[in-house]
Amino acid sequence: MDLDYDAATIRRLDKDHVFHSWSAQAQISPLPIAGAEGSWFWDADGKRYLDFSSQLVNVNIGHQHPAIVAAIQEQAGRLTTLAPGFANDVRAEAARLIAEVAPGDLDQVFFTNGGAEANENAIRMARLHTGRHKVLAAYRSYHGATAGAIALTGDPRRWASEPGLPGVVRYWGPYLYRSAFHATTEAEECERALSHLRDLVAVEGPQTIAAIILETVVGTNGILVPPEGYLAGVRALCDEFGIVLVADEVMAGFARCGEWFAVDRWGVTPDLITFAKGVNSGYVPLGGVVISAEIAATFADRPFPGGLTYSGHPLACASAVASINVMRDEKVVENARRLGDEVLGPELRALAERHPSVGEVRGLGAFWALELVRDRATREPLVPFNAAGPAAAPMGELAAACKAEGLWPFVHFNRTHVVPPCTISDDEARAGIAILDRALDIADRYYTG
Ligand code: PLP
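Start counting the sequence shown at 6; every next residue gets the next number (my numbering).
Written as structure tokens, this is what we have:
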């Protein structure tokens, strides 16, 4: 289909008819996009942007990978849609491949359309499996925007949907740079975060707790990489009290952290893993829950009370099969790990040496954050927590400077995340970081330390 609309027409139709996420509709002016390829996309006027956001951190394999586009086209010619109750070749193969790359005995997959629905269903499974109702969820987290998933979410996006779900209890996860536990070393942060969680389990009553949910590496809330021993500690706590461990890998999974699943980095096997985004880079909406043998057995002779018209959609599953095969053939997981170790990590740390406003650099694989501050000693953030409007201006100026030079950044609160496709070339990554380097001069102007 070639609509041949110019930029002005797209803008006008969008303004008149498209209701956008998370936005005051009259205050936004979305950029009309015409196309994309690899690590780049371009607007309707032909201006090109290097995608350091991977859109919403989902285009792990890059834009318009020909093998995935071909798989979708071929599947569209064979069978475009099928009710979830049937068995089907691409659906079965997608589930087989996901089970193959998942750790331990997580061998069955419940397909959804995205990450929020995956978390909704994971919690449903955990509650029915344990017969308990409470769920422990972290403050610094995002789990999606449906009723249950937003209630699990710990960041300000949940506020407008409160009071949310009964039985959600919140805990602090580890984050040494802004430690909730006054810790000064990784080991201290790990030990205190685990002890806090253990205390919470005790006072809430372990027999009431169905699940602990965590983002293996916290994504939008700051690329918080857990300290050595933390995940194993949470696993042990869950085992001790019969609590289901749910790892939300919607953002962290499928190569983003230089692993198939981020938990692989620490050799920990959760009971349930939720995924979406990178499973097929969002070419067709897809998410799901990978389920342990024990939890799957709960629903062997008892119906699972959940379903979706498009669960295991053939186009989505065909794109997932192609994507996992491409990730294997083109060593995308290995490339993300190497990128983090050899290019993104060292180059971003070098930025921190040049720019006083960079308070901390952290990340792994193709998943990095620069935390910007006004003062390295006090760690006062460049903009306040949850800042909007004029208070957020310094970050807005930084983003605008990147965009002017053709780099599309991912900015959240006082951080800019460096989350390009896992297939980005070293030269492209370096070119993007050079633009970021110049844009950081703006952040430095606000530095008062
Ligand atoms: N979980 C995490 C960790 C996410 O980052 C996101 C989306 O950004 C979600 C869940 C929600 O996924 P979706 O927007 O596909 O519902």
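Beta carbons are placed, not taken as given, at the ideal position from N, Cα and C, and that holds for glycine.
For this session: Pick helix, strand or coil for proline 386, following the three-state DSSP scheme.
Result: By 1-based counting over the sequence shown, the position of residue 386 is 381. In the structure shown, proline 386 sits in a strand (DSSP, three-state: E or B).
For this session: Taking isoleucine 103 as part of the alpha helix (DSSP H), name the residues at either end of that continuous run.
Result: What you label residue 103 is simply residue 98 of the sequence shown in a count that begins at 1. Note, isoleucine 103: alpha helix (DSSP H), 94 to 106.
Exercise. CB-CB under 6 Å to glutamate 264, same chain, minus the five flanking residues each way: which ones, in chain order?
Worked result: Residue 264 sits at position 259 when you count from the first residue of the sequence shown. Closer than 6 Å at Cβ, skipping near neighbours: Arg270.
Exercise. If valine 95 sits next to proline 319, beta carbons under 8 Å apart, how far is it from one beta carbon to the other, in whole angstroms?
Worked result: The sequence position of residue 95 within the sequence shown is 90, counting from 1. The sequence position of residue 319 within the sequence shown is 314, counting from 1. The Cβ separation is near 5 Å, so the contact holds.
Problem set entry | C-beta contact flag for arginine 137 and isoleucine 214 at 8 Å | Locating residue 137 in the sequence shown gives position 132, counting from the first residue. Locating residue 214 in the sequence shown gives position 209, counting from the first residue. The answer is yes: Cβ separation under 8 Å.
Exercise. For tryptophan 265, which of helix, strand or coil comes out of DSSP?
Worked result: Locating residue 265 in the sequence shown gives position 260, where the first residue counts as 1. DSSP places tryptophan 265 in coil when its eight states are reduced to three.
Problem set entry | Limits of the unbroken beta strand (DSSP E) element including glutamate 220 | For the purposes of this step, residue 220 is taken as the residue at position 215 of the sequence shown. Unbroken beta strand (DSSP E) run through glutamate 220: 214 to 220.
For this session: Could you tell me if the beta carbon of valine 255 falls within a distance shorter than 7 Å of some heavy atom in the ligand PLP?
Result: To locate residue 255, count along the sequence shown from 1; it is residue 250. Flag set: Cβ of valine 255 near the ligand PLP.
Exercise. Beta carbon of threonine 225: closer than 7 Å to some heavy atom of the ligand PLP?
Worked result: For the purposes of this step, residue 225 is taken as residue 220 along the sequence shown, with counting starting at 1. Yes, Cβ of threonine 225 sits closer than 7 Å to a heavy atom of the ligand PLP.
For this session: State the start and end residues of the unbroken beta strand (DSSP E) segment that holds alanine 248.
Result: Taking the first residue of the sequence shown as 1, we reach residue 248 at position 243. The sequence as given places isoleucine at residue 248; alanine does not occur at that position. Counting along the chain, isoleucine 248 falls outside any beta strand (DSSP E), and DSSP gives it neither H nor E.
Problem set entry | histidine 134 - DSSP class collapsed to helix/strand/coil | Here residue 134 refers to the residue found at position 129 when the sequence shown is read from its first residue. Helix, per DSSP.
Problem set entry | 3-residue-minimum beta strand (DSSP E) runs that sit fully inside the segment 163 to 205, ordered along the chain | 173 to 176
Exercise. First and last residue of the alpha helix (DSSP H) that includes alanine 13?
Worked result: Numbered from 1 along the sequence shown, position 8 holds the residue referred to as residue 13. Looking at the DSSP string, the run of the alpha helix (DSSP H) that includes alanine 13 is 12 to 22.
Exercise. Is the beta carbon of asparagine 124 within less than 7 Å of some heavy atom of the ligand PLP?
Worked result: Sequence index remark: in the sequence shown, residue 124 carries index 119 (1-based). The answer is yes for asparagine 124.
Exercise. So is the beta-carbon of histidine 148 under 7 Å away from any non-hydrogen atom of the ligand PLP?
Worked result: To locate residue 148, count along the sequence shown from 1; it is residue 143. Correct: histidine 148 has its Cβ closer than 7 Å to the ligand PLP.
Exercise. Should glutamate 220 be counted as a contact of the ligand PLP given a C-beta to heavy atom distance under 7 Å?
Worked result: For the purposes of this step, residue 220 is identified with residue 215 of the sequence shown, where counting begins at 1. The answer is yes for glutamate 220.
For this session: Might you give, ordered along the chain, the residues of its own chain that have their beta carbon closer than 7 Å to the beta carbon of alanine 281, omitting 5 neighbours on each side?
Result: For the purposes of this step, residue 281 is taken as the residue at position 276 of the sequence shown. Closer than 7 Å at the Cβ level, and outside the excluded window around alanine 281, lie Gly119, Gly120, Ala123, Val255, Leu291, Gly292.
Problem set entry | Where tryptophan 271 sits in the DSSP three-state scheme | Position 266 of the sequence shown, counted from the start, is the residue given in the question as residue 271. Helix at tryptophan 271.
For this session: Verify the contact flag: alanine 131, CB atom, against every heavy atom of the ligand PLP, threshold strictly below 7 Å.
Result: Mapped onto the sequence shown, residue 131 falls at position 126. No, the Cβ of alanine 131 stays beyond 7 Å of every heavy atom of the ligand PLP.
Problem set entry | Separation of proline 232 from glutamate 191, as counted between CA atoms | Locating residue 191 in the sequence shown gives position 186, counting from the first residue. Locating residue 232 in the sequence shown gives position 227, counting from the first residue. Near 6 Å, if we compare the C-alpha coordinates of proline 232 and glutamate 191.
Exercise. If we ignore side chains and look at the alpha-carbon of each, how far apart do arginine 197 and tryptophan 177 end up?
Worked result: By 1-based counting over the sequence shown, the position of residue 197 is 192. By 1-based counting over the sequence shown, the position of residue 177 is 172. Taking the straight line joining both Cα atoms gives about 10 Å.
For this session: Indicate whether arginine 145 and tyrosine 180 have their beta-carbon atoms separated by less than 8 Å.
Result: Here residue 145 is taken as the residue at index 140 of the sequence shown, counted from 1. Here residue 180 is taken as the residue at index 175 of the sequence shown, counted from 1. Cβ distance < 8 Å, so arginine 145 and tyrosine 180 count as in contact.
Exercise. With a Cβ-Cβ cutoff of 8 Å, do leucine 375 and valine 363 count as a contact?
Worked result: Start at 1 with the first residue of the sequence shown, and residue 375 comes out as number 370. Start at 1 with the first residue of the sequence shown, and residue 363 comes out as number 358. Yes, the pair counts as a contact, with Cβ atoms nearer than the cut-off.
Exercise. Can you find a heavy atom of the ligand PLP that lies under 7 Å from the Cβ of glycine 370?
Worked result: As a first step, residue 370 must be located in the sequence shown, where it is residue number 365. For glycine 370, the Cβ stays outside the 7 Å cut-off from all heavy atoms of the ligand PLP.
Exercise. From valine 239 to alanine 39, what distance separates their C-alpha atoms?
Worked result: Taking the first residue of the sequence shown as 1, we reach residue 239 at position 234. Taking the first residue of the sequence shown as 1, we reach residue 39 at position 34. So the two alpha carbons sit approximately 45 Å from each other.
Exercise. Does DSSP put glutamine 69 in a helix, in a strand, or in coil?
Worked result: Sequence index remark: in the sequence shown, residue 69 carries index 64 (1-based). Residue state, collapsed to three classes: coil.
Problem set entry | Counterpart residues of tyrosine 54 in DSSP-defined beta bridges | On the sequence shown, position 49 is the one that residue 54 refers to. In DSSP, tyrosine 54 forms a bridge with Phe46.
For this session: Can you have a look at isoleucine 228 and say buried or exposed, based on whether 16 or more other CB atoms are within 10 angstroms of its CB?
Result: Taking the first residue of the sequence shown as 1, we reach residue 228 at position 223. Label assigned to isoleucine 228: buried.
Exercise. Do you know whose CA, among Asp19, Ala41, Ile66, Gly345, lies nearest serine 286's CA?
Worked result: Residue 286 sits at position 281 when you count from the first residue of the sequence shown. Cα-wise, what sits closest to serine 286 is Ile66.
Exercise. Rounded to a whole number of angstroms, what is the C-alpha to C-alpha distance between alanine 81 and alanine 325?
Worked result: As a position in the sequence shown, residue 81 is number 76, starting the count at 1. As a position in the sequence shown, residue 325 is number 320, starting the count at 1. The alpha-carbon atoms of alanine 81 and alanine 325 are separated by roughly 14 Å.
Problem set entry | C-beta atoms of glycine 311 and proline 89 nearer than 8 Å | As a first step, residue 311 is located in the sequence shown; it is residue number 306 there, counting from the start. As a first step, residue 89 is located in the sequence shown; it is residue number 84 there, counting from the start. No; because the gap between Cβ atoms is not below 8 Å, this pair is not in contact.
For this session: Work out the CA separation of alanine 321 and arginine 129 for me, nearest whole Å.
Result: What you label residue 129 is simply residue 124 of the sequence shown in a count that begins at 1. What you label residue 321 is simply residue 316 of the sequence shown in a count that begins at 1. When rounded, the distance between both Cα atoms is 23 Å.
Exercise. Where does the unbroken alpha helix (DSSP H) through glutamate 352 begin, and where does it stop?
Worked result: One-based indexing of the sequence shown puts residue 352 at position 347. First-last of the alpha helix (DSSP H) with glutamate 352: 350 to 359.
Exercise. How about alanine 127: is its Cβ closer than 7 Å to a heavy atom in the ligand PLP?
Worked result: Position 122 of the sequence shown holds residue 127. Alanine 127 Cβ: outside cutoff for every heavy atom of the ligand PLP.
Exercise. Can you tell which of Ala252, Gly172, Phe186 has the C-alpha that lies nearest to the C-alpha of leucine 111?
Worked result: Locating residue 111 in the sequence shown gives position 106, where the first residue counts as 1. It is Ala252.
Exercise. Name the DSSP beta bridge partners of isoleucine 4, please?
Worked result: Given that the chain is displayed from residue 6 to residue 454, the structure contains no residue 4 and the question cannot be resolved.
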